[in-house]
Amino acid sequence: MDIVCLQEAQMDSFSDLLKDVSPVFDGVIQNVTRGHNVGTAVLIRNSCKLKLKRVESRSRALIATLEDKDTENNLYICSVHLDADKSTDPKKREHHQSQRRSQLKSLLKRINYACKQEKQIIKEAPILIAGDFNMLRENPLNELLVEGSLTTSPSAYVSLRDAYLEAERHDRFSIPVYHQSVLEGGNDIGETASNEKHLVKTYKGGAILDYIWTSDEVKVVDTLLYHPDSSTVGTEKWPCHDHPSDHLPIGIDIDWN
Numbered sequence: 001m002d003i004v005c006l007q008e009a010q011m012d013s014f015s016d017l018l019k020d021v022s023p024v025f026d027g028v029i030q031n032v033t034r035g036h037n038v039g040t041a042v043l044i045r046n047s048c049k050l051k052l053k054r055v056e057s058r059s060r061a062l063i064a065t066l067e068d069k070d071t072e073n074n075l076y077i078c079s080v081h082l083d084a085d086k087s088t089d090p091k092k093r094e095h096h097q098s099q100r101r102s103q104l105k106s107l108l109k110r111i112n113y114a115c116k117q118e119k120q121i122i123k124e125a126p127i128l129i130a131g132d133f134n135m136l137r138e139n140p141l142n143e144l145l146v147e148g149s150l151t152t153s154p155s156a157y158v159s160l161r162d163a164y165l166e167a168e169r170h171d172r173f174s175i176p177v178y179h180q181s182v183l184e185g186g187n188d189i190g191e192t193a194s195n196e197k198h199l200v201k202t203y204k205g206g207a208i209l210d211y212i213w214t215s216d217e218v219k220v221v222d223t224l225l226y227h228p229d230s231s232t233v234g235t236e237k238w239p240c241h242d243h244p245s246d247h248l249p250i251g252i253d254i255d256w257n
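Right, dumping it as structure tokens:
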């Protein structure tokens with residue numbers, strides 16, 4: 001992994017985390033307000049060709065402009081954690097949906113601003129937005145992200161794609177990286193000869209709430225499964241001793257430069 005997007009990273013222990021992962025990774029966490037003790041963060045592998053050029057904190061997102069050390073091309077990475085919705089009250093659910101819509105509109109507006117700082121048009125920029133969106137695939141906001149209609153400004157228009165959903169639509173399965181092991185002979189082997197797995201859930205409740213959205217300038221080479229339960233139907237008793245989070249990690253291999 002070259003880039004890791006984190007949500008609900010502990011503010012008071014992030015410096016300790018960086019010490020634990022250095023010298024392999026360096027990273028940055030968003031500036032939070034109102035006494036919040038968690039935030040979104042981005043880790044970057046020191047050996048990769050990307051360097052952190054600029055960063056901006058929003059209430060529910062961290063926007064990082066990364067620069068290729070060789071080509072000086074920019075990649076825009078966003079780690080997000082949108083408003084949660086656990087209420088059964090219709091009015092409260094409508095409020096949370098409105099909050100997520102506003103958060104996404106603000107995010108796209110600031111991504112557009114980041115592109116302008118680099119004298120780049122947003123619809124021609126390589127953009128990756130990853131994190132906990134706290135909404136199901138059938139949520140209308142997903143379609144608005146695809147259409148690029150969350151913004152009313154033509155100059156800020158950008159169409160995004162759900163990496164895992166696009167893989168399924170094109171009959172491409174995800175790679176179960178947790179099956180891979182290195183034999184004494186140095187060869188990689190999987191439990192099965194063919195890969196026939198799709199992402200089924202990212203949250204303990206059995207739903208997909210976490211997504212990776214990419215712009216047209218980012219080619220998704222492969223989608224990855226980091227945990228065997230990610231391709232099985234059903235709820236889970238997370239967090240627990242063996243799995244300290246109520247979410248599962250997701251990931252993709254990209255070609256953008």
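Just so we're aligned, residue 1 is where the sequence shown starts under UniProt numbering, counting upward by one. Even glycine gets a Cβ: it sits at the ideal position worked out from N, Cα and C.
In chain order, what residues of the same chain lie with their CB nearer than 8 Å to the CB of residue i, ignoring the 5 residues before and after it?
i, result
"Lys-105", "Leu-150, Thr-151"
"Val-146", "Ser-159, Leu-160, Arg-161, Asp-162"
"Ser-155", "Asn-112, Ile-121, Ile-122"
"Tyr-178", "Leu-225, Tyr-226, His-227, Pro-228"
"Asp-68", "Lys-49, Leu-50, Asn-74, Leu-75, Asn-257"
Do the CB positions of residue i and residue j come within less than 8 Å of each other?
i, j, result
"Val-38", "Val-28", "no"
"Ser-215", "Pro-126", "yes"
"His-247", "Tyr-203", "yes"
"Asp-89", "His-96", "no"
"Lys-92", "Asp-70", "no"
"Ser-79", "Leu-62", "yes"
"Asn-46", "Asp-26", "yes"
"Arg-137", "Ile-208", "yes"
"Trp-256", "Ile-129", "no"
"Ser-59", "Asn-31", "no"
Which same chain residues end up closer than 7 Å to residue i when comparing Cβ atoms and leaving out the 5 residues on each side of it in sequence?
i, result
"Leu-141", "Arg-100, Arg-101, Leu-104, Met-135"
"Leu-52", "Val-28, Ile-44, Ala-64, Leu-66"
"Val-200", "Ser-230, Ser-231, Thr-232, Val-233"
Can you find the residues in the same chain that come closer than 6 Å, C-beta to C-beta, to residue i, ignoring five residues on each side of it along the sequence?
i, result
"Gly-185", "Reliability of the predicted coordinates at Gly-185 is poor, the pLDDT of 41 falling under 50, and the value obtained from them is presented with this limitation in mind. Excluding positions up to five away in sequence, the list is empty."
"Pro-176", "Lys-197, Leu-225"
"Thr-223", "Ala-163, Tyr-164, Ala-167, Ser-174, Ile-252"
"Phe-14", "Ile-29"
"Pro-239", "Ser-245, Asp-246"
If you run the structure through DSSP and keep just helix, strand and coil, what is residue i?
i, result
"Gln-120", "coil"
"Asp-16", "helix"
"Lys-92", "helix"
"Cys-115", "helix"
"Glu-166", "helix"
"Val-55", "strand"
"His-241", "coil"
"Asp-2", "coil"
"Val-220", "strand"
"Thr-214", "strand"
"Pro-176", "strand"
"Pro-249", "coil"
"Ala-156", "helix"
"residue 268", "Given that the chain is displayed from residue 1 to residue 257, the structure contains no residue 268 and the question cannot be resolved."
"Arg-137", "coil"
Can you tell me whether residue i is buried or exposed, with buried defined as 16 or more other CB within 10 angstroms of its CB?
i, result
"Thr-228", "The sequence given here places Pro at residue 228; Thr does not occur at that position. With fewer than 16 other Cβ atoms within 10 Å, it is exposed."
"Gln-117", "exposed"
"Thr-192", "Because Thr-192 carries a pLDDT of 46, less than 50, the predicted location of this residue cannot be relied on, and the following value inherits that uncertainty. Thr-192 should be labelled exposed."
"Val-24", "exposed"
"Arg-169", "exposed"
"Asp-171", "exposed"
"Asn-187", "Low confidence applies here, because Asn-187 scores a pLDDT of 42, under 50, leaving its location unreliable; read the following figure in that light. It counts as exposed."
"Val-218", "buried"
"Asp-132", "buried"
"Arg-34", "exposed"
"Cys-5", "buried"
"Asp-12", "exposed"
"Val-221", "exposed"
"Ile-81", "For the sequence presented, residue 81 should be read as His rather than Ile. Buried."
"Asp-210", "buried"
List the endpoints of the continuous beta strand (DSSP E) containing residue i.
i, result
"residue 305", "The chain is shown only over 1 to 257; residue 305 falls outside these bounds and no answer can be derived."
"Asn-142", "Not the beta strand (DSSP E): Asn-142 falls in the alpha helix (DSSP H), residues 140-147."
"Asn-74", "74-81"
"Asp-68", "61-68"
"Leu-128", "127-132"
"Ile-208", "Counting along the chain, Ile-208 falls outside any beta strand (DSSP E), and DSSP gives it neither H nor E."
"Leu-43", "38-45"
So, does the CB of residue i fall closer than 8 Å to a CB anywhere in chain D?
i, result
"Ser-231", "Among the chains of the structure shown, chain D does not appear; only one protein chain is present."
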